[in-house]
Amino acid sequence: MTQFKHNANVYIMAWYYIFSLKKFYKNNNLLHKYDEELFKADDILLNAKDLRLNLRMRFLLNKAENLIEIEKRENSNNITNNNIESSIKLEELKHNAVVIHIYGLKEIKELFNNLKRGINSKDVNSYINSINNISEFQESAFSQYKSIIRHFPDAKNRDDLANSNRDKKSEKSGKTVIENSLISIPHSDDHSSNSGLEKDLKRKINLNFLCTYIIFNFAKNQTGNIDIEMNVPVTVIEGVKGVRLLSFSLLLNNTNGYNKFFSEVYGVNFFLSTFAEPVILSTMNNIESTKVFEPVGEYAYDSLNIKSISETFSKYMTNLKYCLNRVNSKSNFEEAFKECMNYLPHKIINYFDTLNIVIIVISVLMVLLVLMIAYITFVPLRISTNEIAVHIFRTFRLISKENFEVIISDYDEKIDSLCENFEIDKEIIDKSSKTSNKKRFIKFLTYSSFAVVILFNSYTIIPTIVIIIMLY
Numbered sequence: 013m014t015q016f017k018h019n020a021n022v023y024i025m026a027w028y029y030i031f032s033l034k035k036f037y038k039n040n041n042l043l044h045k046y047d048e049e050l051f052k053a054d055d056i057l058l059n060a061k062d063l064r065l066n067l068r069m070r071f072l073l074n075k076a077e078n079l080i081e082i083e084k085r086e087n088s089n090n091i092t093n094n095n096i097e098s099s100i101k102l103e104e105l106k107h108n109a110v111v112i113h114i115y116g117l118k119e120i121k122e123l124f125n126n127l128k129r130g131i132n133s134k135d136v137n138s139y140i141n142s143i144n145n146i147s148e149f150q151e152s153a154f155s156q157y158k159s160i161i162r163h164f165p166d167a168k169n170r171d172d173l174a175n176s177n178r179d180k181k182s183e184k185s186g187k188t189v190i191e192n193s194l195i196s197i198p199h200s201d202d203h204s205s206n207s208g209l210e211k212d213l214k215r216k217i218n219l220n221f222l223c224t225y226i227i228f229n230f231a232k233n234q235t236g237n238i239d240i241e242m243n244v245p246v247t248v249i250e251g252v253k254g255v256r257l258l259s260f261s262l263l264l265n266n267t268n269g270y271n272k273f274f275s276e277v278y279g280v281n282f283f284l285s286t287f288a289e290p291v292i293l294s295t296m297n298n299i300e301s302t303k304v305f306e307p308v309g310e311y312a313y314d315s316l317n318i319k320s321i322s323e324t325f326s327k328y329m330t331n332l333k334y335c336l337n338r339v340n341s342k343s344n345f346e347e348a349f350k351e352c353m354n355y356l357p358h359k360i361i362n363y364f365d366t367l368n369i370v371i372i373v374i375s376v377l378m379v380l381l382v383l384m385i386a387y388i389t390f391v392p393l394r395i396s397t398n399e400i401a402v403h404i405f406r407t408f409r410l411i412s413k414e415n416f417e418v419i420i421s422d423y424d425e426k427i428d429s430l431c432e433n434f435e436i437d438k439e440i441i442d443k444s445s446k447t448s449n450k451k452r453f454i455k456f457l458t459y460s461s462f463a464v465v466i467l468f469n470s471y472t473i474i475p476t477i478v479i480i481i482m483l484y
């Protein structure tokens, strides 16, 4: 445009090009990926107006101005609608906060009336329910305030929210602490995962995952070893058969049979040397074999030596590798490895015996854990709560009865004055009753779950113990 700065047609074409790009990105939800400053081209039209224009250029300029006005009206309507929705939401949150305060004040009034009627320090046990309700209302109020601060950090009232401009964008920062006029509680927008509770939770999850992985990996390795051990006797017999057929093929000068059985013996050798040999050397080293003939001379097989399975297997692998080049298959290896077939069932039975013991121990630990959780949940907490309440309310003995009644009456008047100008809708009352019913239902589920877990663990332990006793 600097080269043709006296040509109004260049400015008009540039504006329409930028406007069409902006429209395309907006229709395809891509406008947020680019800086808005790139699409501000109103100054281009101002430069074009100062130049000499013909009828076509004036028409295009007038149309461009109309498009700009339409876009401004659309943006203004969107901002107004968003502000109205936000103000309605803010009023709803504030209304809920006021309702919570009203219920809390009424609960405090009920507690004061109970205190006024009480004549014995032991009556404090009946006040626990009111104290718990007041604590819950307090937590709900704090939660409501935090929700208001989180959604509307800069809004003080409805008018400010409805008339505010949305030109200022939220600053992206790691941690911002905001003081809101609705409440003087600081609010932090930092949601990092470095809090102590989350670290502890992650540590426990990682520990559980690691233990589970170790247990399953051990079980997988043991299962793989048993699978290999079960295949060893059959594979040894297949190897002996292949060596003998290889010898026959060599004697009969059968080239096709020789190649076939040579490949079979080679496959057996690969399986035994790669997979079976490490397992046998580690798990079957103590089993004795008495079936292997040791050659004394070149063609003599008359001596009998006692060797372990691992030594026999090493001897077998040596002869097998030798037979791949020189056929010699007169040893009695298939009989030697029949000991493995007796070893494996005992090993599997031992595994099941160990598994039964582990199941019983885990079940007993589960029952003890459930009982401990139930004890910690229901007994010490209730005792400590009652003791704390008794000690707290004993301090009221230091106040005379007349002064105490004056204080309570004063608070009653203040609570009535705060509540008299606020009407609670029937829908809110129904919601409160539903919340109380929900709490009772959750309490019932808690007690029922403990009972079901204890019964289930007892049901699984007793039959297992009976079966094991009958087997032994």
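Residues in the sequence shown are numbered from 13 upward in steps of one, following the working numbering. For glycine and all other residues, C-beta sits at the position ideal for the given N, C-alpha and C. This one's a predicted model, so the numbers in the text were calculated from it and none came from an experiment.
Check your understanding: So does the region 252-262 actually touch the region 270-277, counting three or more Cβ pairs closer than 8 Å?
Key -> yes
Practice item. In the DSSP assignment, find the alpha helix (DSSP H) that holds residue 162 and state where it starts and stops. Key: For this step, residue 162 is matched to residue 150 along the sequence shown. Counting along the chain, the alpha helix (DSSP H) containing residue 162 begins and ends at 140-163.
Check your understanding: What did DSSP end up calling residue 239 once you bin it into helix, strand or coil?
Key -> Taking the sequence shown and counting its residues from 1, one reaches residue 239 at position 227. Of the three classes helix, strand and coil, the one that applies to residue 239 here is helix, per DSSP.
Practice item. In angstroms with no decimal places, state the Cα-to-Cα distance between residue 455 and residue 461. Key: For the purposes of this step, residue 455 is taken as residue 443 along the sequence shown, with counting starting at 1. For the purposes of this step, residue 461 is taken as residue 449 along the sequence shown, with counting starting at 1. Using only the alpha carbons, I get a separation of about 10 Å.
Check your understanding: If you compare alpha carbons, which of 159, 146, 151 is closest to residue 124?
Key -> Locating residue 124 in the sequence shown gives position 112, counting from the first residue. Nearest option by C-alpha distance: 146.
Review point. Would DSSP call residue 64 helix, strand or coil?
Key: Mapped onto the sequence shown, residue 64 falls at position 52. The answer is coil: DSSP assigns residue 64 none of H, G, I, E or B.
Review point. Using the C-alpha atoms, what's the distance from residue 362 back to residue 262?
Key: Residue numbering aside, residue 262 sits at position 250 when the sequence shown is read from its first letter. Residue numbering aside, residue 362 sits at position 350 when the sequence shown is read from its first letter. Cα to Cα, the separation comes out at about 46 Å.
Check your understanding: Considering only the beta carbon of each residue, do residue 126 and residue 139 sit closer than 7 Å?
Key -> Here the question's residue 126 lines up with position 114 in the sequence shown. Here the question's residue 139 lines up with position 127 in the sequence shown. For residue 126 and residue 139, yes; Cβs fall inside 7 Å.
Check your understanding: Does DSSP put residue 42 in a helix, a strand or coil?
Key -> Translated into positions along the sequence shown, residue 42 becomes position 30. Reduced to three states, the DSSP call for residue 42 is coil.
Review point. Are residue 57 and residue 26 closer than 7 Å when you measure CB to CB?
Key: Residue mapping note: residue 57 aligns to position 45 of the sequence shown, counting from 1. Residue mapping note: residue 26 aligns to position 14 of the sequence shown, counting from 1. Their beta carbons are not under 7 Å apart, which means residue 57 does not touch residue 26 by this criterion.
Check your understanding: Should residue 185 go down as buried or exposed, given a rule of 16 or more other Cβ atoms within 10 Å for buried?
Key -> Your numbering for residue 185 matches position 173 in the sequence shown. Residue confidence for residue 185 is low, a pLDDT of 38 falling below 50, so the modelled location carries little weight and cannot support an answer.
**Study point:** Cβ separation of residue 112 and residue 149, assumed to be a contact under 8 Å, to the nearest whole Å
**Key:** In the sequence shown, counting from the first residue as 1, residue 112 sits at position 100. In the sequence shown, counting from the first residue as 1, residue 149 sits at position 137. Contact flag correct, Cβ pair sits at about 6 Å.
Check your understanding: Does DSSP classify residue 52 as helix, strand or coil?
Key -> Counted from its first residue, the sequence shown places residue 52 at position 40. Coil, per DSSP.
Review point. DSSP three-state call for residue 264: helix, strand or coil?
Key: By 1-based counting over the sequence shown, the position of residue 264 is 252. Looking at residue 264 - three-state DSSP - the assignment turns out to be coil, as it is neither helix nor strand.
Review point. Alpha carbon to alpha carbon, what distance is there between residue 45 and residue 65?
Key: Locating residue 65 in the sequence shown gives position 53, counting from the first residue. Locating residue 45 in the sequence shown gives position 33, counting from the first residue. Cα to Cα, the separation comes out at about 36 Å.
Review point. Would you call the region 219-237 and the region 245-254 in contact, with 3 or more CB pairs under 8 Å?
Key: no
Exercise for review: Report the rounded CA-to-CA distance for residue 39 versus residue 32, giving the unit in angstroms.
Suggested key: Sequence index remark: in the sequence shown, residue 39 carries index 27 (1-based). Sequence index remark: in the sequence shown, residue 32 carries index 20 (1-based). Between residue 39 and residue 32, the C-alpha separation is close to 11 Å.
Exercise for review: Could you check how far apart the C-beta atoms of residue 60 and residue 23 are, in whole angstroms? I think they sit under 8 Å.
Suggested key: In the sequence shown, counting from the first residue as 1, residue 60 sits at position 48. In the sequence shown, counting from the first residue as 1, residue 23 sits at position 11. About 4 Å; that satisfies the 8 Å criterion.
Review point. Beta-carbon separation of residue 240 and residue 291 under 7 Å?
Key: The count along the sequence shown starts at 1 and reaches residue 240 at position 228. The count along the sequence shown starts at 1 and reaches residue 291 at position 279. Yes, these two residues count as a Cβ contact at 7 Å.
Review point. Checking contacts by CB at 7 Å: is residue 289 closer than that to chain B?
Key: Here there is only one protein chain, and chain B is not present.
Point to revise | Coil, strand or helix - residue 519 by DSSP | key: With the chain covering 13 to 484 only, the question about residue 519 has no answer from this structure.
**Study point:** Spatially closest choice to residue 248 from 143, 282, 41, 159, by CA coordinates
**Key:** Within the sequence shown, the letter at position 236 stands for residue 248. Nearest of 143, 282, 41, 159 to residue 248, Cα basis: 282.
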